[in-house]
Amino acid sequence: MNLENVEYGIANHIARIEMKRPEVLNALSKGMFRDLKKAFGLATQDDDARVVEITGAGKAFSAGLDIREVGGFKSRTEAKEFVYGLVKPFWNQLFKCEKPVLALVDGPAYGAGAEIALASDIVVASTKSTFAFSGGRVGALCCMSAVIGSSLMNGRKLVEMNLAGTPLTADEASHYGLVSHSVPREELASTLEKIIRDIMHVSPVSNSSFKRIRRTDLSKTRLETAYRELLRTITSRDFREGASAFVTKRAPEYYR
Numbered sequence: 001m002n003l004e005n006v007e008y009g010i011a012n013h014i015a016r017i018e019m020k021r022p023e024v025l026n027a028l029s030k031g032m033f034r035d036l037k038k039a040f041g042l043a044t045q046d047d048d049a050r051v052v053e054i055t056g057a058g059k060a061f062s063a064g065l066d067i068r069e070v071g072g073f074k075s076r077t078e079a080k081e082f083v084y085g086l087v088k089p090f091w092n093q094l095f096k097c098e099k100p101v102l103a104l105v106d107g108p109a110y111g112a113g114a115e116i117a118l119a120s121d122i123v124v125a126s127t128k129s130t131f132a133f134s135g136g137r138v139g140a141l142c143c144m145s146a147v148i149g150s151s152l153m154n155g156r157k158l159v160e161m162n163l164a165g166t167p168l169t170a171d172e173a174s175h176y177g178l179v180s181h182s183v184p185r186e187e188l189a190s191t192l193e194k195i196i197r198d199i200m201h202v203s204p205v206s207n208s209s210f211k212r213i214r215r216t217d218l219s220k221t222r223l224e225t226a227y228r229e230l231l232r233t234i235t236s237r238d239f240r241e242g243a244s245a246f247v248t249k250r251a252p253e254y255y256r
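Per the working numbering, residue 1 is the first one in the sequence shown, and the count goes up by one each step.
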């Protein structure tokens with residue numbers, strides 16, 4: 001399968017998904033959401049894949065939404081197609097994966113990029129990494145952090161990260177439960193390898209059952225509210241202002 005924005009392959013029973021738009025810090029475009037859904041679908045279906053690794057090419061994990069591409073929806077219909085035709089199917093596919101998903105982060109993980117790390121089962125990050133639920137800074141929304149965040153990390157810090165948009169270092173993210181292991185860059189590979197070796201000693205049936213139980217926290221009501229509120233934000237005047245400010249490299253004026 002040809003994936004333009006993602007590199008996918010399997011080696012040693014590890015399905016590796018690499019977001020591959022390094023020139024824009026792996027920003028999540030329409031094509032990226034589409035390809036990530038396909039890649040997670042392949043990893044889910046392939047019996048040879050026992051573990052799934054997701055990472056980013058170049059200097060970042062992911063900078064979040066590609067504001068230059070999605071910052072100017074021409075109509076509500078176009079925005080709705082983005083949310084329900086691309087974003088929702090990606091998250092559904094990720095949540096459906098019953099194999100351990102490991103995020104390898106070396107650099108910024110912002111906005112929806114930070115949410116992908118949050119939604120992974122285990123997060124290994126270099127100490128050079130930073131994390132931010134920064135959607136609100138551009139008038140958008142990190143809707144999935146509101147759905148799954150409180151069961152994975154300190155709730156007060158989760159709220160502050162969204163309402164203020166402030167970033168955390170990898171060590172801080174580890175303290176608050178967003179990151180599993182914060183290690184020097186040179187120890188990333190060995191740390192990941194050890195975790196994968198340990199996983200290989202655990203029953204895949206047991207692991208899938210554990211993930212099925214966790215998935216019951218994802219109520220249809222919460223998910224549908226998240227998608228509805230994401231649509232509300234990206235069709236708002238604030239998003240138009242935030243996207244314009246981002247592109248022109250100025251501070252947004254939300255309260256004028």
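The C-beta atom is built at its ideal place from N, Cα and C for all residues, glycine as well.
- Taking C-beta atoms as the reference points, A57 and L3 fail to come closer than 8 Å.
- For P89, the enclosing alpha helix (DSSP H) has its first and last residue at K88 to K96.
- In this structure V6 is in contact with M32, their Cβ atoms being roughly 7 Å apart against a cut-off of 8 Å.
- With respect to the C-alpha of E98, the residue from R232, T55, T216 and D198 having the closest C-alpha is T216.
- Judged by DSSP secondary structure, R34 falls within the alpha helix (DSSP H) whose first and last residues are K30 to Q45.
- Contact check for A132 against A114 passes: the beta carbons are separated by less than 8 Å.
- Assignment of A140 by DSSP, reduced to helix, strand and coil, places it in the coil class.
- With fewer than 16 other CB atoms across the displayed protein chains lying within 10 angstroms of its CB, I213 is exposed.
- Closest by C-alpha distance to T225, out of L42, G64, K20 and C142, is C142.
- For the 8 Å CB-CB criterion, G72 and P252 do not form a contact.
- A170 is positioned such that its CB atom lies closer than 8 Å to that of V179.
- The C-beta distance from L158 to G165 rounds to 12 Å, too long to meet the 8 Å contact threshold.
- Annotated three-state conformation of Y8 is strand, per DSSP.
- Three or more Cβ pairs closer than 8 Å define a contact, and the stretch 226 to 238 meets that threshold against the stretch 69 to 83.
- Secondary structure of P184 (DSSP, three-state): coil.
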